[in-house]
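S.K.:
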Amino acid sequence: MGAKKSKPPNTDPPPMEEVRTTKGVPGAENCGDGPKAKEMGVYRMVDMHGGGTLMRLARQCKEIGDVAMLDAYIERECKPFLYNAGKGKLMPVAELVKLRNEERNAKLSAFSRKKGKGKSGPNILDNLGEEQAGNAGDLKKALKLLDGGGKGGKSESKYREICWKLDERGTMGENLLCICLLQGSEMHNYIGRRLIAAFPKLVNDICTSEDYYGLSPLHVAIVNQDAEFASHLLRKGAEVNQRCYGAFFCAEDQKASRTDSLEHEYVELSPRTSYTGSMYFGEYPLSFAVCMNHMDMFRMLMAKKANLNAQDTNGNTVLHLCVIHENSDMLDACLEFGANLKIANKQNLTPLTLAARLAKKTMFDKILQLECEKVWTYGGSRCIAYPLTKIDTIDELSGEMNEQSALSLVVYGETNEHLELMDGLIEKILDEKWASWLRSLLGFMFYYVSFTAAYMLRPSSATTEHITHGLITEMGDPAYGYTEDTPKNYTVNWNTADTQCHLMSYGEWPWYYGWMRLACELLTVVATIVQVVFDMGDVKRIGFQKWFKFLKAFPAKLMYKCSFLFVLLMIPSRLACGLHENFLTIDNTLAIVSVLLVTLHFLYYCRAIPFVGPFVLMVYTIITTDLVRFAMIYSIFLIGFSQSFYVIFTSCERAAKVLNRNNPGASEFTNIMENPIDALLRTFIMTIGEFSVLYREMAACDASLMRNLGKIMFLIFETFVSILQFNLLIAMMTRTYETIFLTQKEWKRQWAQVILMLEMSLSPESRRMHLLQYSRPTGTNKRVRSYVVVSRGQGEKTEMEELAAREAKEEKRREERRQLLKKKQRPAKTTSSRRKIDSPSDVTTCGAAVF
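Just so you know, we're using this note's numbering here: the sequence shown kicks off at 23 and counts up by one.
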């Protein structure tokens, strides 16, 4: 009997539909490229372009419907690439971390390299044979107990089972199964199933490179959105809680901070992040499914008991990731399966506060509606309670400020999207706070009136008489015997010791200059000391850095705090007036500076006024951005040109002296820049338009070379500084003005920041008492406070209902516009069709068509 002949191997190139690159994992398209990749045995079996010996054999076996030859080839060719013929091998995690760290440092410069921290500890597997180490069933559990794995909620052992040999992997640290799944074609999936059938432990064999460390076949199937193959992997025992620590799936602003420790497998990251990057998927397969918005895979993983509240290295759960990727449908699905909205990440942000920080308005409003509680409903009215635990800036129990509250994150947010969050609930809470803190403005008004009265009632005429040594009397008249013809060295009989302490002689002046001024000064000093004591209490309670961080956001408030120091310094200078008359000058100087700083504090309160606040912000922004940049450039030109003018005028002065020596009175040149400081000031005055004196003296220069050179320098300076740079400054300030002016809600941010700054100046007990005024207890726990909103009738809706109503209204408008456009186009079409039929040929054609 003749044996059935099998078809010869097909050596033709694969069909075009099979020649594919990576399907789902971005960044893996370079896998298998490069000179080293051609030498790797794993790519000879299956490469990244649809070729390879295993691919050709798989096509042939699929055509004849017999997998025996394919299975035999896999059994024979793949075993040398596997530990213990596919049974796997337990390896210390520290060894894998070392390899990962070496690969990362190889990519970085010498200054950016970071060594792994910690100690690896003894390797228990050194005392076991390969056969014992390969039997990873009960041994892995025993090792997990011995090395303390799983403590601290990490559920990690210090040993990992590796199936594919580390030195036989691809450029991504991937095995043959991952290579097939990365391409994701039908033929590659066919090979993948045969590989799993031959070596089942490949389903949990991870990639080991720095960029894709921890990426398992299940992760790849989810990214490929291949639910069928993901289901196959789960049936074959894929680990549903495997974590992927690769740099490619890390937040963009955390990649530079990645460091390793030999004591654990996960990568240490800087906690300061904004979770940027579209590939931050949260490490777990369940998180990958949520970020990919694949409901079927999500339900499959939940059926396999995936941990719904598992936290990644940043402490984020699937709910945090729903907020980051703005996935509302998956948020509902996670909550349906019992996800916890109260879990906070490493930045102490719950999903609600994370939405506030990232300015995700849709997610913020949705979570607010999920966390609120309906107290009662009656007809069209209803009462809704919003828990203030993570919303308000005041802690319910201690009264301390909560910087990670939703209100604080929204108010101190810097984007326009944060302004959109200040409507609705946030605005209502701020209104309640503003009513409570309004007395702070009244207190400042009282302080300002007393301070201004103390300053205005100072006997300034007596100070003038003392400074002029009696040449000008208290009445403002010249001294007796002093006329216009009096020589400059004229003096009167004057004793300075009798008048240098006139500010302390309260009884020698009328009552309003004396005792009333004393009363105002005492009120000012007492109020200043009280405010300083309160500020010291705030610094002691929250720390100087945090206190100054809040304060520096308000320049007017910062200057107001500085005035306290000057007011207190006036006390010793007043008491020391008898020692020297300079203490009177110090007293007057401190008073002038103090009254200026105190008056500027009104700008702090003006920020909360709708029609003034944006302009105050414009002044701050222009000073801190436009003027600073202009000053840096302008100072370079000013210093350079001023010194050149100084050299020119010095040369002209030297030429004038030579000319006058030979012929006295021949030169009329006057050097107005006798030193570099005068040159700097003269050049600055010239930039604001006063250049006639400088040009006149330069034209009188007797040295023709210096005169012509000076005119050229003058022309260049006027062109590049007075004309170009000042007009550039005006343009920059105009742009800043327009940017802030177009932001209609900017005043709300300024108003809210003023409220929170006033709130911080109060004691914790006072803040807590104010919280009790605008909040209500809900439930059995009276310490938990809520903000209650009562909506009456059909006109008042929740924020989500208002958003839906606006969207429906916009859709209705668009539909009306489309209908109107159709009506306008219909007569035009009818007219054109009539014109076409009017021709004889068209009539004949139409008649033929009818018959």
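Glycine included, C-beta positions come from ideal geometry on N, C-alpha and C.
(1) If we call anything under 8 Å between Cβ atoms a contact, is residue 229 one with residue 108?
(2) Identify whether residue 673 lies in helix, strand or coil by the three-state DSSP scheme.
(3) Within the chosen definition, does the segment 280-289 reach the segment 339-351 through at least 3 CB pairs nearer than 8 Å?
(4) The alpha helix (DSSP H) spanning residue 405 covers which residue range?
(5) Could you tell me whether the segment 617-631 touches the segment 765-785, where touching means 3 or more Cβ pairs closer than 8 Å?
(6) As a quick exercise: from 811, 537, 100, pick the residue whose alpha carbon is nearest that of residue 65.
(7) Does residue 813 come out as helix, strand or coil in the three-state DSSP assignment?
(8) Report the residue from 546, 181, 384, 568 whose alpha carbon sits nearest the alpha carbon of residue 440.
(9) Quick check: the segment 665-680 against the segment 698-707, are there 3 or more CB pairs under 8 Å?
(10) Return the residue from the list 782, 299, 526, 831 that minimises the CA-CA distance to residue 417.
(11) Roughly how many whole angstroms lie between the Cα atoms of residue 143 and residue 113?
(12) Would you kindly report the start and end of the unbroken beta strand (DSSP E) that includes residue 398?
(13) Is it buried or exposed, residue 85, if we count other Cβ atoms within 10 angstroms and call 16 or more buried?
(14) Determine the direct distance from the alpha carbon of residue 829 to that of residue 837, and round the result to whole angstroms.
(15) Helix, strand or coil: which one does DSSP assign to residue 818?
(16) I think residue 103 touches residue 180, with their Cβ atoms under 8 Å apart; what is that distance to the nearest whole Å?
(17) Please list the terminal residues of the continuous alpha helix (DSSP H) segment that includes residue 183.
(18) Three-state secondary structure (DSSP) at residue 413?
(19) Does the segment 543-557 come into contact with the segment 588-606, if we say contact requires no fewer than three beta-carbon pairs (one atom in each stretch) closer than 8 Å?
(20) Where does the unbroken alpha helix (DSSP H) through residue 632 begin, and where does it stop?
(21) Within its chain, find whatever has a CB closer than 7 Å to the CB of residue 755; leave out the 5 residues flanking it on each side and keep chain order.
(22) Drop a sphere of 10 angstroms on the beta-carbon of residue 448, count the other beta-carbons inside from all chains shown, and report buried for 16 or more, exposed for fewer.
(23) Determine whether the beta carbon atoms of residue 776 and residue 626 lie at a separation below 8 Å.
(24) Keeping to the same chain, check which residues put their C-beta closer than 6 Å to that of residue 469; ignore five residues upstream and five downstream.
(25) Between the alpha carbons of residue 526 and residue 608, how many angstroms are there, rounded?
(26) Between which two residues does the alpha helix (DSSP H) carrying residue 562 extend?
(27) For residue 570 and residue 635, I'd like the C-alpha separation in whole angstroms.
(28) Give a yes or no on whether the C-beta atoms belonging to residue 298 and residue 336 are separated by under 8 Å.
(29) If you run the structure through DSSP and keep just helix, strand and coil, what is residue 196?
(30) From what residue to what residue does the beta strand (DSSP E) around residue 113 run?
(31) Which ranges does the beta strand (DSSP E) cover as unbroken runs of at least 3 residues, wholly within the segment 301-354, from first to last along the chain?
(32) Can you list, in chain order, the residues of its chain whose CB lies under 6 Å from that of residue 126, leaving out five sequence neighbours each side?
(33) For the alpha helix (DSSP H) that contains residue 786, what are its first and last residues?
(34) Taking all protein chains shown into account, do 16 or more other C-beta atoms lie within 10 angstroms of the C-beta of residue 654, making it buried, or fewer, making it exposed?
(35) My output table needs one value for residue 807: the three-state DSSP class, helix, strand or coil.
(36) So what does DSSP say about residue 132, is it helix, strand or coil?
M.R.: Here's the rundown:
(1) no
(2) helix
(3) no
(4) Not the alpha helix (DSSP H): residue 405 falls in the beta strand (DSSP E), residues 403-409.
(5) yes
(6) 100
(7) strand
(8) 384
(9) yes
(10) 782
(11) Here the model assigns residue 143 a pLDDT of 49, short of 50, so the residue's position is not dependable, and the following value carries that caveat. Computed Cα separation, rounded: 13 Å.
(12) 395-400
(13) exposed
(14) 12 Å
(15) Low per-residue confidence applies at residue 818: pLDDT is 48, beneath 50, and the placement is therefore not dependable, though the value from the model is reported in the following sentence. Note: residue 818 maps to coil in three-state DSSP.
(16) Going by Cβ atoms, the distance from residue 103 to residue 180 rounds to 25 Å, so no, they are not a contact pair.
(17) No alpha helix (DSSP H) holds residue 183; the beta strand (DSSP E) holding it covers 181-184.
(18) coil
(19) yes
(20) Taken as a continuous stretch (DSSP letters only), residue 632 belongs to no alpha helix (DSSP H), as it is neither H nor E.
(21) 644, 648
(22) buried
(23) yes
(24) 549
(25) 15 Å
(26) 537-564
(27) 22 Å
(28) no
(29) coil
(30) 111-114
(31) none
(32) 232
(33) 786-796
(34) exposed
(35) strand
(36) Annotation note: pLDDT 43 at residue 132 (below 50); position unreliable, coordinate value reported separately. Coil at residue 132, not helix or strand.
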